[in-house]
Amino acid sequence: MKEDTSKRRKLSHHHHMRVRWEEFFKSDDSTLARDTTLVEKGSLVGRVGIMLLSCGTGAWRVRDSMDTIARTLGITCSADIGLVSIEYTCFSVDNQSYSQTLSLPSTGVNMTKLNEMEKFVRQFEAGHGHWTLGQINNRLDEINGLKSTYPTWISGLASGLACAGFIFLLGGGWPEVISAFVGAAIGNYVRGEMGKARITLIAKIAVAVALACLGYFVAFTFLRAEFNIQYEHAYGYIGAMLFVIPGFPFITSGLDMSKLDMRSGLERMTYAILIILIATMAGWGVATILSLKPGSMPKLGLAIPLLASLRILASFCGVFGFSIMFNSKPSIAITAAVIGAFANTLRLSLVDYAHMPAAFAAFLGALLAGLLASIVRKKVGFPRIALTVPSIVIMVPGLYMYRAIYNFGITNINVGAFWIVEALMIVSALPLGLLAARILTDQKWRHADL
1 MKEDTSKRRK
11 LSHHHHMRVR
21 WEEFFKSDDS
31 TLARDTTLVE
41 KGSLVGRVGI
51 MLLSCGTGAW
61 RVRDSMDTIA
71 RTLGITCSAD
81 IGLVSIEYTC
91 FSVDNQSYSQ
101 TLSLPSTGVN
111 MTKLNEMEKF
121 VRQFEAGHGH
131 WTLGQINNRL
141 DEINGLKSTY
151 PTWISGLASG
161 LACAGFIFLL
171 GGGWPEVISA
181 FVGAAIGNYV
191 RGEMGKARIT
201 LIAKIAVAVA
211 LACLGYFVAF
221 TFLRAEFNIQ
231 YEHAYGYIGA
241 MLFVIPGFPF
251 ITSGLDMSKL
261 DMRSGLERMT
271 YAILIILIAT
281 MAGWGVATIL
291 SLKPGSMPKL
301 GLAIPLLASL
311 RILASFCGVF
321 GFSIMFNSKP
331 SIAITAAVIG
341 AFANTLRLSL
351 VDYAHMPAAF
361 AAFLGALLAG
371 LLASIVRKKV
381 GFPRIALTVP
391 SIVIMVPGLY
401 MYRAIYNFGI
411 TNINVGAFWI
421 VEALMIVSAL
431 PLGLLAARIL
441 TDQKWRHADL
């Protein structure tokens, strides 16, 4: 009876019960992975898959890594992957099978952890599975400990930098840039602290956006009192909330659906839409209380060469800030920022000077980002998704989405419908651009099954 009580005490008390991997494997730590039981081999495959899924990467990458581990261990794996769960079965050559269902309590983005996981998979494959069970579990424990690369105040400053660059690219001047920096920094810092306390998604997003808008308004009020700036600069408050744009689930949903991973694609899209609805509704509520409304910010009136140079700089800062928010190492963040600076400036220039439709320009910008990321990946080995998604998040039309919700909220349905259609066209074009680049540069992705 005492033994049973002791075992019960080791069980997880969380709502999403944690798997205690260290107690799951029964073979000795010195046992080679290839010599373990099917249950243990299948569990290794599942552990690698769920760790990759927790990084925010798409179903195709998770399945590809699970397949690599399975092949190296001499078994076959078939997996069904969603946003926060995996159901899979492993088959051995002696007519045995083993199935598991694994789930995550929430989803997030951690590019440093993803980079380490991809390295582990490549090294394990190169070593033909000649790793001991102890070596594997110790390495996976180390990687799993990479919860967040930066403290919340750094993430807050990165958010401020990203949104400051974002609002300039939307036509804002120095008052909007400063106010958006302050508001976004406050909002994302609070979101990070609430995340540490495991506050639920809806409350976390709503409070963060509300405080970001309020922070923008306070900063704007101070600047107006000190420098007597025009009230029209208050319209840039939308820029302060753009740090919540769910770039990863938006982009990976399109990529997953293109590979017929419909479950993962639709779940990711639904998750992204949920975040946008929460954020825009919270922003609309605060704007109503403060008597703010979306409108046209004062024209900058800059010469074309200067404007292009500042757009490159603002795009670099924006993408770098988003990359840091996604827990990328500085080297990865800088690389993504360089790619995004040129891709986004190309997009804006095509719209302004070639009078190209915004959606087609977004497609070409994403295509360029994808092609450059493929070249960089071959040179330095960074995860492609860690370069492509941050570099095109700056292209996601958060302003259009907010204007759509705002106009729906005041029952101006025709105007709201116009903005939502504009947003949908651009959002659809971005993953298509990355998909085209992937088809052109990745033989494995180009074929339906290879």
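Counted the way the UniProt record's numbering counts, the sequence shown spans residues 1 to 450. Every residue, glycine too, gets a C-beta built ideally from N, C-alpha and C. Computed from a prediction, not measured in an experiment: that's the story for all the values here.
Can you check whether the CB of residue j is closer than 8 angstroms to the CB of residue i?
{"i": "asparagine 137", "j": "tryptophan 21", "result": "yes"}
{"i": "serine 264", "j": "glycine 134", "result": "no"}
{"i": "glycine 156", "j": "glycine 129", "result": "no"}
{"i": "isoleucine 143", "j": "phenylalanine 120", "result": "yes"}
{"i": "serine 253", "j": "alanine 279", "result": "no"}
{"i": "phenylalanine 408", "j": "threonine 335", "result": "no"}
{"i": "serine 323", "j": "proline 246", "result": "no"}
{"i": "glycine 295", "j": "tyrosine 237", "result": "no"}
{"i": "glycine 160", "j": "valine 182", "result": "yes"}
{"i": "phenylalanine 248", "j": "glycine 49", "result": "no"}
{"i": "threonine 345", "j": "alanine 287", "result": "no"}
{"i": "serine 208", "j": "asparagine 188", "result": "Here residue 208 turns out to be alanine, not serine, going by the sequence shown. Going by C-beta atoms, alanine 208 is nearer than 8 angstroms to asparagine 188."}
{"i": "threonine 152", "j": "lysine 329", "result": "no"}
{"i": "glycine 398", "j": "methionine 297", "result": "no"}
{"i": "alanine 333", "j": "alanine 369", "result": "no"}
Determine which residues share a DSSP beta bridge with residue i and list them.
{"i": "serine 85", "result": "Ser103"}
{"i": "serine 349", "result": "Paired residue(s): none; serine 349 is not in a bridge."}
May I ask which residues mark the beginning and end of the alpha helix (DSSP H) holding residue i?
{"i": "aspartate 256", "result": "247-258"}
{"i": "glycine 49", "result": "38-54"}
{"i": "valine 121", "result": "111-126"}
{"i": "residue 460", "result": "Limits of the chain in this structure are 1 at one end and 450 at the other, which puts residue 460 out of reach."}
{"i": "aspartate 64", "result": "59-73"}
{"i": "methionine 425", "result": "413-441"}
{"i": "methionine 395", "result": "Where methionine 395 is concerned, there is no enclosing alpha helix (DSSP H), given that its DSSP letter is neither H nor E."}
{"i": "isoleucine 312", "result": "304-325"}
{"i": "phenylalanine 382", "result": "From DSSP, phenylalanine 382 is part of no alpha helix (DSSP H); its letter is neither H nor E."}
Helix, strand or coil: which one does DSSP assign to residue i?
{"i": "leucine 170", "result": "coil"}
{"i": "serine 374", "result": "helix"}
{"i": "phenylalanine 91", "result": "strand"}
{"i": "residue 525", "result": "Examination of residue 525 is not possible in this model, given that the chain is present from 1 through 450 alone."}
{"i": "alanine 79", "result": "strand"}
{"i": "residue 460", "result": "Summary: the structure shown does not reach residue 460, with the chain confined to residues 1 through 450, and so no result is reported for it."}
{"i": "alanine 185", "result": "helix"}
{"i": "leucine 11", "result": "coil"}
{"i": "lysine 204", "result": "helix"}
{"i": "lysine 196", "result": "helix"}
{"i": "serine 291", "result": "coil"}
{"i": "methionine 241", "result": "helix"}
{"i": "tyrosine 150", "result": "coil"}
{"i": "valine 19", "result": "coil"}
{"i": "leucine 223", "result": "helix"}
{"i": "phenylalanine 25", "result": "coil"}
{"i": "alanine 448", "result": "coil"}
{"i": "cysteine 233", "result": "The identity of residue 233 in the sequence shown is histidine, whereas the question assumes cysteine. Of the three classes helix, strand and coil, the one that applies to histidine 233 here is helix, per DSSP."}
Do you know how far the Cα of residue j is from the Cα of residue i?
{"i": "proline 431", "j": "asparagine 228", "result": "43 angstroms"}
{"i": "serine 374", "j": "histidine 447", "result": "17 angstroms"}
{"i": "glycine 74", "j": "glycine 127", "result": "13 angstroms"}
{"i": "leucine 114", "j": "glycine 145", "result": "12 angstroms"}
{"i": "glutamate 3", "j": "threonine 112", "result": "In this prediction, glutamate 3 has a pLDDT of 49, which is less than 50 and means its spatial position is unreliable; nothing more can be read from the coordinates."}
{"i": "glycine 215", "j": "alanine 366", "result": "32 angstroms"}
{"i": "leucine 434", "j": "aspartate 442", "result": "11 angstroms"}
{"i": "threonine 72", "j": "glutamate 125", "result": "6 angstroms"}
{"i": "glycine 283", "j": "cysteine 77", "result": "45 angstroms"}
{"i": "phenylalanine 243", "j": "asparagine 327", "result": "14 angstroms"}
{"i": "phenylalanine 91", "j": "threonine 36", "result": "14 angstroms"}
{"i": "leucine 372", "j": "isoleucine 81", "result": "29 angstroms"}
{"i": "serine 6", "j": "tyrosine 400", "result": "Low confidence applies here, because serine 6 scores a pLDDT of 47, under 50, leaving its location unreliable; read the following figure in that light. The straight-line gap from Cα to Cα measures roughly 57 angstroms."}
{"i": "histidine 14", "j": "lysine 26", "result": "24 angstroms"}
{"i": "glycine 340", "j": "arginine 384", "result": "13 angstroms"}
{"i": "leucine 302", "j": "phenylalanine 320", "result": "24 angstroms"}
{"i": "glycine 195", "j": "isoleucine 205", "result": "10 angstroms"}
{"i": "alanine 376", "j": "alanine 358", "result": "Residue 376 is actually valine in this sequence, not alanine. C-alpha separation (whole angstroms): 27 angstroms."}
{"i": "methionine 325", "j": "cysteine 163", "result": "12 angstroms"}
{"i": "methionine 269", "j": "isoleucine 439", "result": "22 angstroms"}
{"i": "serine 12", "j": "methionine 241", "result": "36 angstroms"}
{"i": "leucine 260", "j": "phenylalanine 168", "result": "37 angstroms"}
{"i": "isoleucine 178", "j": "leucine 290", "result": "19 angstroms"}
{"i": "leucine 387", "j": "valine 351", "result": "24 angstroms"}
{"i": "aspartate 64", "j": "glycine 46", "result": "12 angstroms"}
{"i": "serine 428", "j": "serine 258", "result": "12 angstroms"}
{"i": "glutamine 100", "j": "aspartate 67", "result": "15 angstroms"}
Compare the C-beta of residue i with all C-beta atoms of chain D and state if any pair is closer than 8 angstroms.
{"i": "isoleucine 69", "result": "Among the chains in the structure shown there is no chain D, since it carries only a single protein chain."}
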